[in-house]
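Engineer: The structure is given below, and queries will be raised subsequently.
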DNA sequence: CATTTTATGTCAGCCTTGTTGACATTCCAA
DNA sequence: TTGGAATGTCAACAAGGCTGACATAAAATG
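Residue numbers (the numbering used here), protein chains in the order written: chain A, 285 to 453; chain B, 285 to 453.
What follows is the structure, encoded as C-alpha cells:
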C-alpha cells in the first residue's frame with residue numbers, strides 16, 4: 285500500500301518518521317478535534333442538545349430526504365441510539381419524518397424551518413473555525429490537510445466520504 | 285487575525301472558501317477522527333477500558349511523573365471524572381501514584397511495566413495508522429496537515445501543545 | 001501559631017450517548 | 001401466503017462526562 289517506488293503526490297519518497305513526530309501528529313489530532321467541536325458544543329448546550337444531535341442535523345441537512353438506514357450507515361451507531369436522538373428532534377419540531385413514497389416502510393427525514401436554522405447556526409460556527417484555520421495555514425497546507433485526513437479514514441468510510449452529493453432542496 | 289495582507293506560509297493570499305469546501309473539510313475531520321481512534325478502541329475494548337483510559341495512559345507516559353492537576357488541565361475534564369479512570373488504572377496495577385517529594389500534597393504519576401506495555405500497544409496501533417496516512421500523503425501534505433490542525437486548536441490548548449517536552453525516564 | 005488556600009480523593013446523583021436483546025408493525029417480494 | 005427487510009419501541013445497562021458536597025493533608029500566608 286505504502287510500498288510503491290514512487291509517491292503520487294510529488295513528495296520525496298523515503299519518509300523517515302520518528303515516534304516523536306508521529307506522537308506530535310497524534311496529539312495535534314486530539315487537541316484540534318477538541319477545538320473543532322468546541323463552538324458547536326456551546327450552542328448545542330444552550331438548546332439542551334449534544335453532539336449526537338448535531339451529527340444527525342448535519343447529515344439530514346446534507347442529504348435531503350435521507351432514510352434512517354442511510355443515516356445509521358453514515359453515523360456508525362445503533363438504530364436505538366439514533367432513534368432516541370431522532371425522536372427528540374422530531375418532538376421538538378426540528379426534523380420531519382415522512383413515510384416513504386415508493387417504500388412505505390422507509391422514513392424520509394427533512395429539517396423543518398427551525399431545524400434548518402439550528403443547523404445553520406451550528407455549521408456556521410464550525411465553518412468559521414475551519415475558515416480561520418484554512419486562512420491561517422494557506423491553500424497548500426489545506427490541500428495537505430485534506431490528503432492526510434482522507435488517508436486516515438477507514439476504507440469503507442472513505443468511499444462514503446467521496447460519494448458525497450450536493451443536497452437537492 | 286486572518287486579515288493580514290500577507291500569508292506567512294507562502295500561499296497565495298486571497299482564499300475564496302465556499303461553504304461546500306468547508307463542509308468537505310468538516311466531514312473529513314469527522315470521518316478521519318473515527319479512523320484515528322478505531323484501532324486503539326479495539327485494543328482498549330479487549331481490556332475493558334475506554335478512550336478515557338487511553339488518554340490518561342498517553343499523557344502519563346508522555347510527561348513522566350506528572351501530577352493529577354497537570355493531567356486535569358491537559359485532558360480538560362473534571363477531577364471526579366479523571367479520578368474514576370485513574371483509580372481503576374492504579375487498582376489494575378498499570379499506573380503508580382507516588383506522593384510528591386517537594387510538595388507532599390501532590391501525587392506524581394508513573395506507568396508501571398504493564399501500564400507501559402499497554403500504552404505501547406495503543407500508541408503503536410495509532411502510530412501505524414498515522415504513519416500509513418503520512419506515507420500515502422507525502423511530506424509536504426504532512427506539513428500542511430499539522431499547520432491546519434494547529435490553527436484549529438484553542439489558543440490555550442495550542443500553548444500546551446507547543447510546550448511538549450520529551451519524557452525523561 | 002492560626003487561618004486560609006491548594007491538591008487530592010471520594011460519595012452521591014444526574015445526563016448523554018453508546019450498547020444488547022426482545023418484540024411489534026408494516027409491507028415488499030418471492 | 002410467507003419470509004424477510006425496514007423501522008420503531010421498550011427495557012436494561014455501561015462508560016464517561018457533569019455538579020455539589022465534604023474530608024484530609026499539607027503548604028502558604030497572615
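For each residue, glycine too, the CB sits at the ideal point set by N, CA and C.
Can you tell me where the beta strand (DSSP E) with residue 455 of chain B in it begins and where it stops?
Structural biologist: Limits of chain B in this structure are 285 at one end and 453 at the other, which puts residue 455 of chain B out of reach.
Engineer: Tell me whether the beta-carbon of residue 357 of chain B lies closer than 7 Å to the beta-carbon of residue 379 of chain B.
Structural biologist: Taking 7 Å as the Cβ cut-off, residue 357 of chain B and residue 379 of chain B do not qualify as a contacting pair.
Engineer: Assuming residue 428 of chain B and residue 425 of chain A are in contact, meaning their beta carbons sit under 8 Å apart, how far apart are those beta carbons, in whole angstroms?
Structural biologist: So it is a contact: roughly 3 Å between Cβ atoms.
Engineer: Mind checking which residues open and close the beta strand (DSSP E) that includes residue 381 of chain B?
Structural biologist: Unbroken beta strand (DSSP E) run through residue 381 of chain B: 379–383.
Engineer: So, with DSSP's three-state summary, where would you put residue 371 of chain B?
Structural biologist: It is helical.
Engineer: Touch check for the region 338–352 of chain A and the region 401–419 of chain A: three-plus C-beta pairs under 8 Å?
Structural biologist: Yes, the region 338–352 of chain A touches the region 401–419 of chain A.
Engineer: Three-state secondary structure (DSSP) at residue 350 of chain B?
Structural biologist: In this structure, residue 350 of chain B counts as strand in the three-state DSSP scheme.
Engineer: Is there a Cβ of chain B sitting closer than 7 Å to that of residue 340 of chain A, yes or no?
Structural biologist: No, its Cβ sits nowhere closer than 7 Å to a Cβ of chain B.
Engineer: Quick one: is residue 377 of chain A buried, meaning 16 or more other Cβ sit within 10 Å of its Cβ, or exposed?
Structural biologist: Residue 377 of chain A is exposed by the Cβ-count criterion.
Engineer: Can you tell me the Cα-Cα spacing of residue 296 of chain A and residue 418 of chain B, whole angstroms?
Structural biologist: Model confidence at residue 296 of chain A stands at a pLDDT of 48, short of 50, so the residue's coordinates are unreliable; what they give is reported in the following sentence. Roughly 12 Å between the two C-alpha positions.
Engineer: With DSSP run on the structure shown, which of helix, strand or coil describes residue 443 of chain A?
Structural biologist: Of the three classes helix, strand and coil, the one that applies to residue 443 of chain A here is helix, per DSSP.
Engineer: Using 8 Å for Cβ pairs, my map puts residue 436 of chain A next to residue 319 of chain B. What's the rounded Cβ distance?
Structural biologist: Yes, residue 436 of chain A and residue 319 of chain B are in contact; Cβ-Cβ is about 5 Å, under 8 Å.
Engineer: If you draw a straight line from the alpha carbon of residue 324 of chain A to that of residue 414 of chain A, how long is it in whole angstroms?
Structural biologist: Roughly 12 Å between the two C-alpha positions.
Engineer: Looking at the secondary structure, which residues open and close the beta strand (DSSP E) in which residue 391 of chain B lies?
Structural biologist: Segment 391–395, the beta strand (DSSP E) holding residue 391 of chain B.
Engineer: Leaving out five residues on either side along the sequence, give the residues of the same chain with a beta carbon under 7 Å from the beta carbon of residue 334 of chain A.
Structural biologist: Answer for residue 334 of chain A: 328, listed in chain order.
Engineer: Show which residues of chain B have a CB atom less than 7 Å away from the CB atom of residue 426 of chain A.
Structural biologist: Within chain B, the residues near residue 426 of chain A are 428, 432.
Engineer: By a C-beta neighbour count over all protein chains shown, 10 Å radius and 16 as the cutoff for buried, is residue 332 of chain B buried or exposed?
Structural biologist: So residue 332 of chain B counts as exposed.
Engineer: Closest Cβ-Cβ distance between residue 324 of chain B and chain A: below 7 Å?
Structural biologist: Judged by the 7 Å Cβ criterion, residue 324 of chain B is not in contact with chain A.
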